[in-house]
Each structure stands twice: as structure tokens, then as C-alpha cells.
Amino acid sequence: MVEPKSEPKPGASFSIEDNVIKASGNDQHAYEFKDCNVGRLILESLSGEPDHVGLIDAAEDTRTTFAEMRRDSVRCALWMRKMGVGPGDVVTICTNNQVDDYVPVLATFYVGAIFNPWYYGIELREARRLMQLLRPRLIFAYESTLPTLLQAANSEHLKTKIILIERHSKLYSLRDILADQPITDLEIEEFRCLPISDPKASSMILLSSGSLGPPKCIEHTAGSAMQYYYESWLGSARSRNICLWYASLYWYSGTINFLEWIINGKTRVLHENYDYEETCKVIEKYKVEILVLPVTLMKDLLRHDAFKLYEMPSLKCISVGGSYLSQDLLEQLKKLLPNVHVDNFYGLTEVGSRCNDPASRPTKLGSIGFLKSNMQMKVIDPKTGETLGPNRIGELCFKSATAMTGYYKDPEATSRVIDEQGWLHSGDLGYYDEKGEIVYMDRLTEVMRFRDNEVSPIEIEQALVAHPEVLEACVVPVPHSTDNHHPMAFVKKVPGAKLTEEDLVQVSSELGDSKKLRGGVRFVDEIPKAKASGKVRRKSLKEMAKAYALL
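Residue numbers (our numbering): 2 to 552.
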């Protein structure tokens, strides 16, 4: 068993002191570990319940036990050791969700190397940038990305070894590694992870969404990773829940789900690509208990009346994240699924953790509930830096032992986000009330100004998407000579809808004069999104809005 130096006290009670929310759990902040390798938690979980079915492949209807997962991941780790891969080496995983994706991921942690997931549809320019910056030792890749990765490595004169994650008759693959690495039961039993005594050793380099520019490389240490996953392991009670998610490892939510799946002894149902009907059938067939979806896919399920047409009595929790969860969507879910807990996931890759307690029961519009244990939060005036009290709107700032070291090899960008007192500035606008309940409002950079009023695009977007003939909406500012900004909406309609611009301007007017869509409404076939993260490219829409304003 992994033992901390100090006795843990799990829990999520909190206090508010000097306008700072402090959520307890371990006498306020951090556990201390003799060995910070999170791989030890993984191996302990796999070896503790060898017969547990850890993975169900919905495409082939096959099952993989923890014993089989342990065997193959240890095989891969032994191969990595033979290759000389260890601390300081970057191992990149560039694939969508695959039945064998766990093998190189777990092996990377076992040998103490640096886990680094990329988007499986990465473009050449971005691949070259990351190759130059990170210089990965190994890349486990999806076959379709192979030409791009090879060209990027050659362009940067790197000898990076690229291994296909899928089986292949001609090219070297993960299955070849496993076949070439015979192993006895005794070797599996005797295998030990490389101890990591330095909590500051690099463990993960994750990528930001890239919605405002090239994705930043977010560095997490072995100590920060161990903080989060040890606490998760403490609170899991080995629930054995059956889980389904679609986020790839590139998304931090995908990485969290992935590691918690094994550490907490859950069962993962692998269904590679979301499809409304197929997803519902998978939930029914495999009795999925925890469903994790981005807001866009949850809207799609509701639009198709999924929860009316399919029987899903097994569902216990739906975790929704990736963008703002509107009150309308939340109320629809509660009405259709009164016995299912809706978890409004709020977290930051930079914080290295979700920020809100998953058991929170929000009571007000826009609420994300209460602060997660072992974390601190305050709200500041973004102009003056003053710490604000309850019910005053400002920037949400966090302190956590799980937080990033910084942006990899970019101290200037790091200093803009982490201040001298160690507070991580989220760039999110919100507030908390006297009871400590937190309300998220918008990204600070997206708030526009109409005359003397600050206007949150999310509030207008929420009203627009509540209209039955609107699928998606994004509101951006149009510069105005006297009013500062006029809100303009880009809207994707339901196919065949007869919705007009005037209809939606009227909807916005009902929110108040400052929120009226004076910039107009533009109907589009698709709202542009970042290919990797799926987040709306607001920067592109702002440029489009400026161009329309000049017509």
C-alpha cells in the first residue's frame, strides 16, 4: 500500500477566512509521500483485484481483466527499460481511445518517464512545434497520424521512435512489443515501479485547449499528480462503477477519467466514437452507471429524446463539462432523470484537478457547487488585485498542491498565471456567496462592455440555445464608436427551422437593454471549433463579426 508520511483526513468541509475559501481534507493542503510515483497506486489496484473486469470493448464485445492489464503494461514497461527510457524522457501518446491505449500510458508511469498526450489528428505545423519543444523519446501513435509525425520528427532532426498503437502486418506496433517481451508470472509479481523521491520531478506534460492560440505545455510534477490521485483513491471506496466517456487522453478530463478508472477499481466501457443511437444502445447493454459527456453531446442526446426512447435504469451519475452548463439543460436533465445525480464538472488543466466537489448539489443559477477538498479559492478584482468578499464578481483564483509547476520552458507565460503568493489565476469570472457556493459566469477575456455595463456572452447564449429551433449559439462583441461594444450572435439552427434574426433579437431584448443583440444575428452551418479540443474558436468569430460590421 502507498503510505503518506502524514495521516490523511479525507473530507470536504471548508471555512471562509479573510475572504479565502479553504476546503480541508488533510489539515488544509498537502500530503507528503516517500515515493511520488503514481504508478504504484495503479499497480496496487491492478494486483489487488486481478479478476475484476476493468475494460469492455463495445465494438468487439470483449472483456479485459485487471490481471491481463497488469501483465501487458508490465511487459511494455520492461521493454521501455531495455530501451533506456526513464525519468526525464518524454513518452507521447497520440491516439484516440483504443482498446490497448492503457498499455503505454501505465508503462510510462511505471518507469518514471513523462506522460505527454497529443491530439490524434495533429497537424504538421503543431507537431513540429511540439517535437522541437518536447523532443519525445517515444511516440505511441494512431496509424493515420504516422506520416505527419514522421515528417515532423525528420524536419526537427529527431530520432524519436514511433510505435503504432494498433495491430499492423508490416509496421512495428505495440502488439509486436508485447509479443517480443515474454514474461513469467514470477516476473510480474516481482516487478516494481521506479521510486520517485523528488516530488518536483516532472511526471506529466499536458496541453491546453488552444482555443486562443497554440496549445501551451502544462507541466505537472510527480508530487502534484500523486496528491490528486491518492486523494481520489482514498475517497473511492472501490465503487466498481461501470463508466463511459469519449474524451481522449488529449483532454485533461480524459486523463482524469482514465487514471481514476484504474486507481478506483472501475470498469471502463470503450466505445470509440459518439453516435446518438449507438451510445444509447451501449449504455443499455452494458448497464453504464457513470456517463461523462461534454455539454455539446449532452445537448445532442436531449435533442433526440434519448432518455425517453431508451431504457437506462442503470445510470447513477451524468458528469457534464467542457463548457457552460445552462440552467435550461440542467433542468431538462433533472426532469427526465430525477434519480440521477448531474455533476457539473469544473476544472482547469493548470490546477491539475477538478475544482468543485463532485458531490455538490448546486442551488442557484450558474452554480458549480462547492470547493473540492485540499484546495483554496479567492475572488479578486482583475484590475486592482483586491481580494473580494462574498457576492462580489471578479476573477476566480485557486491554490492547490495538485497545481502545475508552470508552462513548460515558458517562465514569462507562467508568471502571468501564477502570482508571487502561489495563486493560480483562472481567467474565469465568478463569485461565491456567504455559504461558500461558487458561481461561474464567463471567461474574463470574453466579457464585453456596452456603455457602462459589463455584458457576459454566456447569459445571452444561454437564452438563445433555450429556443427550440437553436442548436448552438456564440455571442461576440462588435466594436462600436460610442457604445464600446454591440453583441452579435452566430447561430446554428435546427434543420428546417424558420427562425428569423428578429426572433432572436427579441429573445435577447428580454434579458435587458444592455444584452440586446444590437450587432445582429448571423446564421451559420457550423460554429467553428478547435479541431483538437472541440472548443468554440471565439477569436475567429470575433474577426468575422468585425468584417460583417464593415459591410
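Glycine residues also receive a C-beta, built at the ideal position from the N, C-alpha and C atoms. This one's a predicted model, so the numbers in the text were calculated from it and none came from an experiment.
> Just to confirm, are Ser156 and Asp36 a CB contact at a threshold of 8 Å?
Replying inline: The residue given as residue 156 occupies position 155 in the sequence shown. The residue given as residue 36 occupies position 35 in the sequence shown. It is not a contact, given that the beta carbons lie outside the stated cut-off.
> On the three-state DSSP scale, how would you describe Lys10?
Replying inline: Along the sequence shown, one-based indexing puts residue 10 at 9. Only weak support exists for where Lys10 lies, its pLDDT of 36 falling under 50; the value from the coordinates is given anyway. Coil at Lys10, not helix or strand.
> So, do the region 46-64 and the region 112-129 have three or more beta carbon pairs nearer to each other than 8 Å?
Replying inline: no
> For Asn485, which residues from the same chain have a beta carbon less than 7 Å from its beta carbon, with the 5 sequence-adjacent residues on both sides left out?
Replying inline: Position 484 of the sequence shown, counting from 1, holds the residue named residue 485. Excluding sequence neighbours, Asn485 sits near Arg450, Phe451, Arg452.
>> Along the chain, where does the beta strand (DSSP E) containing Trp246 start, and where does it finish?
In response: On the sequence shown, residue 246 is found 245 positions in, with the first residue counted as 1. That run of the beta strand (DSSP E) goes 243-246.
> Relative to the alpha-carbon of Gly1, which residue among Phe67, Glu435, Leu172 has its alpha-carbon at the smallest distance?
Replying inline: The requested residue 1 does not occur in the structure, where the chain is confined to residues 2 to 552.
> What do you get for Ala180, buried or exposed, if any count of 16 or more other CB atoms within 10 angstroms of its CB means buried?
Replying inline: Indexing the sequence shown from 1 puts residue 180 at position 179. Result: exposed.
> Would DSSP call Gln29 helix, strand or coil?
Replying inline: The residue labelled residue 29 in the question sits at position 28 within the sequence shown. For Gln29, the predicted structure reports a pLDDT of 40, less than 50, and the residue's modelled location is therefore unreliable. A value from the coordinates is still provided. Three-state DSSP puts Gln29 in coil, outside helix and strand.
> What are the boundary residues of the alpha helix (DSSP H) that Glu144 is part of?
Replying inline: Your numbering for residue 144 matches position 143 in the sequence shown. Element bounds for Glu144: n/a, residue is neither H nor E.
> Is there contact between the region 192-210 and the region 80-90, where contact requires at least three CB pairs shorter than 8 Å?
Replying inline: yes
>> What residue range does the alpha helix (DSSP H) around Arg126 cover?
In response: Indexing the sequence shown from 1 puts residue 126 at position 125. Residues 125-135.
>> Quick check: the region 465-476 against the region 397-416, are at least 3 beta-carbon pairs closer than 8 Å?
In response: no
>> Between Ala128, Thr501, Asp382, which has its C-alpha nearest Leu445's C-alpha?
In response: To locate residue 445, count along the sequence shown from 1; it is residue 444. The residue with the shortest Cα to Cα distance from Leu445 is Asp382.
> So Ile263 packs on Gly55, CB below 8 Å; how close in whole Å?
Replying inline: Position 262 of the sequence shown holds residue 263. Position 54 of the sequence shown holds residue 55. Correct: roughly 7 Å between the Cβ atoms.
> Between Phe110 and the ligand NAP, is the CB less than 7 Å from at least one heavy atom?
Replying inline: With respect to the ligand NAP, the structure shown offers nothing to examine, as it has no ligands at all.
> Taking the continuous alpha helix (DSSP H) assigned at Arg539, which residues delimit it?
Replying inline: Here residue 539 refers to the residue found at position 538 of the sequence shown. Here the alpha helix (DSSP H) through Arg539 covers 539-551.
> Would you call the CB atoms of Arg136 and Leu151 closer than 8 Å?
Replying inline: Position 135 of the sequence shown, counting from 1, holds the residue named residue 136. Position 150 of the sequence shown, counting from 1, holds the residue named residue 151. In this structure, Leu151 does not lie closer than 8 Å to Arg136 by Cβ.
>> Is it buried or exposed, Met2, if we count other Cβ atoms within 10 angstroms and call 16 or more buried?
In response: Start at 1 with the first residue of the sequence shown, and residue 2 comes out as number 1. Any reading at Met2 needs caution, since the residue's pLDDT is 46, under 50, leaving its predicted position unreliable; the model's value is listed next. Under this definition Met2 is an exposed residue.
> Who does His468 pair with in a DSSP beta bridge?
Replying inline: By one-based count along the sequence shown, residue 468 stands at place 467. None, per the DSSP bridge assignment.
>> Between Cys218, Asp101, Phe308, which has its C-alpha nearest Leu175's C-alpha?
In response: For the purposes of this step, residue 175 is taken as the residue at position 174 of the sequence shown. Closest option to Leu175, Cα to Cα, is Asp101.
> Beta-carbon of Leu310 versus every beta-carbon of chain D: anything under 8 Å?
Replying inline: Within the model displayed, chain D is absent; a lone protein chain is all it includes.
> Over what stretch of residues does the beta strand (DSSP E) that includes Thr280 continue unbroken?
Replying inline: The residue labelled residue 280 in the question sits at position 279 within the sequence shown. Note, Thr280: premise wrong, no beta strand (DSSP E); alpha helix (DSSP H) at 277-287.
> Residues in its own chain within less than 8 Å of Ala226 by CB, not counting five upstream and five downstream?
Replying inline: For the purposes of this step, residue 226 is taken as the residue at position 225 of the sequence shown. Cβ neighbours of Ala226 beyond the five flanking positions: Cys37, Val39, Ser204, Met205, Gly353, Thr403.
> Can you list, in chain order, the residues of its chain whose CB lies under 6 Å from that of Ile369, leaving out five sequence neighbours each side?
Replying inline: As a working note, residue 369 is residue 368 in the sequence shown. Result list for Ile369: Asn345, Tyr347, Asn357, Ile439, Tyr441, in chain order.
> Cβ atoms of Leu303 and Gln333: under 8 Å apart, would you say?
Replying inline: Along the sequence shown, read from residue 1 onward, the residue named residue 333 stands at position 332. Along the sequence shown, read from residue 1 onward, the residue named residue 303 stands at position 302. In this structure, Leu303 lies closer than 8 Å to Gln333 by Cβ.
>> For a quick check, are the C-beta atoms of Pro359 and Gly323 less than 8 Å apart?
In response: Within the sequence shown, the letter at position 358 stands for residue 359. Within the sequence shown, the letter at position 322 stands for residue 323. No, the pair does not count as a contact, with Cβ atoms beyond the cut-off.
>> Buried or exposed, going by whether 16 or more other CB atoms sit within 10 Å of the CB of Gln109?
In response: Position 108 of the sequence shown, counting from 1, holds the residue named residue 109. In the sequence under discussion, the amino acid at residue 109 is Thr, which differs from the Gln named in the question. Classification for Thr109: buried.
> How long is the line joining the alpha carbons of Met378 and Lys83, rounded to whole angstroms?
Replying inline: The count along the sequence shown starts at 1 and reaches residue 378 at position 377. The count along the sequence shown starts at 1 and reaches residue 83 at position 82. Each residue's Cα considered, the two are about 45 Å apart.
> Measuring CA to CA, which of Ile57, Asp306, Ser145 is closest to Tyr103?
Replying inline: Working through the sequence shown from its first residue, we reach residue 103 at position 102. Cα-wise, what sits closest to Tyr103 is Ile57.
> To which residues of the same chain is Leu207 closer than 6 Å at the C-beta, ignoring the five residues directly before and after it?
Replying inline: Taking the first residue of the sequence shown as 1, we reach residue 207 at position 206. Only Ile219, Tyr253, Thr350 meet the Cβ criterion.
> What do you get for Asp28, buried or exposed, if any count of 16 or more other CB atoms within 10 angstroms of its CB means buried?
Replying inline: For the purposes of this step, residue 28 is identified with residue 27 of the sequence shown, where counting begins at 1. Because Asp28 sits at a pLDDT of 42, beneath the cut-off of 50, its placement in the model cannot be relied upon, and the point is left open.
>> Threshold first: 3 residues or longer. Then list the beta strand (DSSP E) segments lying entirely within the region 429-517, N to C.
In response: 439-444, 449-451, 454-456, 471-481, 485-494
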